[in-house]
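Have a look at the structure below, then the notes.
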């Protein structure tokens, strides 16, 4: 998926089209798989969980897209309003699901792990997102 995104980005840069490439660090809903695993009793964390990220709520991202719609930069990286470690994310999910956090060796992740942080934007927090989730609606 990342390779396809990169190819599209390169094609846009070469085209005469006016564009803004918006690169979010991740979406809250992209972490729903961790909540689903939490419902099953465990939340996996790669390594110590020290790596940082600042995912964004789709509503906050949509607001930023509207701001940039007619006159944005060529490329912008964007993250949510708070920067969390992977362990912090697991702890928020644990509060909701009462699941056990399980640390997995980093060698299990093909691409490795790293910080994925962009400039902060928005006001909707991950904790508030998780609080409003209805666990019964998730598989």
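In the working numbering, the protein residues as written are 654 to 792.
Even glycine gets a Cβ: it sits at the ideal position worked out from N, Cα and C.
Check each candidate in the options and name the one with the smallest Cα separation from residue i.
i: residue 615; options: 757, 718 and 753; result: This structure gives no information on residue 615, because the portion of the chain shown stretches from 654 to 792.
i: residue 758; options: 778, 771, 686 and 697; result: 697
i: residue 703; options: 690, 769 and 657; result: 769
i: residue 700; options: 685, 739, 669 and 665; result: 739
i: residue 756; options: 785, 774, 741 and 778; result: 741
i: residue 778; options: 711, 655, 691 and 668; result: 711
i: residue 736; options: 729, 722, 773 and 660; result: 773
i: residue 791; options: 722, 685, 734 and 655; result: 685
i: residue 746; options: 729, 781 and 667; result: 781
i: residue 676; options: 655, 682 and 669; result: 655
Determine which residues share a DSSP beta bridge with residue i and list them.
i: residue 760; result: In the DSSP output, where bridge partners are listed per residue, residue 760 has none listed.
i: residue 773; result: 732
i: residue 698; result: 756
i: residue 706; result: 737 and 769
Assuming residue i and residue j are in contact, meaning their beta carbons sit under 8 Å apart, how far apart are those beta carbons, in whole angstroms?
i: residue 776; j: residue 727; result: Not a contact, Cβ separation roughly 26 Å.
i: residue 731; j: residue 709; result: 6 Å
i: residue 679; j: residue 706; result: 6 Å
i: residue 786; j: residue 688; result: 6 Å
i: residue 665; j: residue 658; result: In fact, because the Cβ distance is near 11 Å, the residues do not count as touching under 8 Å.
i: residue 721; j: residue 729; result: 7 Å
Could you name the residues of the same chain whose beta carbon sits closer than 6 Å to that of residue i, not counting the 5 residues immediately before and after it, in chain order?
i: residue 743; result: 696, 698 and 754
i: residue 691; result: 746, 750 and 752
i: residue 662; result: 674
Kindly list the residues whose CB is nearer than 8 Å to the CB of residue i, restricted to its own chain and excluding five residues on each side of it in sequence; keep chain order.
i: residue 761; result: 699
i: residue 733; result: 678, 681, 707, 708, 709, 710, 713, 773, 774, 775, 777, 778 and 779
Complete runs of the beta strand (DSSP E) confined to the segment 661–700 [at least 3 residues]: Fully enclosed beta strand (DSSP E) runs of no fewer than 3 residues occupy 674–677 and 695–699 of the segment 661–700, in order along the chain.
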